[in-house]
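Here's the structure, in structure tokens; my notes come after.
Residue numbers (our numbering): 2 to 67.
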């Protein structure tokens, strides 16, 4: 868990404008998804090996592809 990367408030404030708006269905927390994607790329993990603090690996992969 020590290798897990969390995006700070200042970093998230700068990036918020790039995330799409929610249209009906509530979105998964963008900070959590972004932190999960960064930790997977930083540690060289497969999507299925996402840490337990992450959202489901399918969500991480889908957001990364977009």
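No residue lacks a Cβ here, since even glycine has one placed at the ideal position from N, Cα and C.
Three-state class that DSSP yields for residue i in the structure shown
i	result
residue 51	coil
residue 34	helix
residue 40	helix
residue 67	coil
residue 19	helix
residue 61	helix
Exposure label - residue i; buried when at least 16 CB within 10 Å
i	result
residue 29	exposed
residue 16	exposed
residue 25	exposed
residue 36	buried
residue 9	exposed
Boundaries of the alpha helix (DSSP H) in which residue i is found, first to last residue
i	result
residue 15	10-16
Would you be able to state if there are at least three C-beta pairs under 8 Å between the region 41-48 and the region 18-25?
Judged by Cβ distances under 8 Å, the region 18-25 makes no contact with the region 41-48, as fewer than three pairs qualify.
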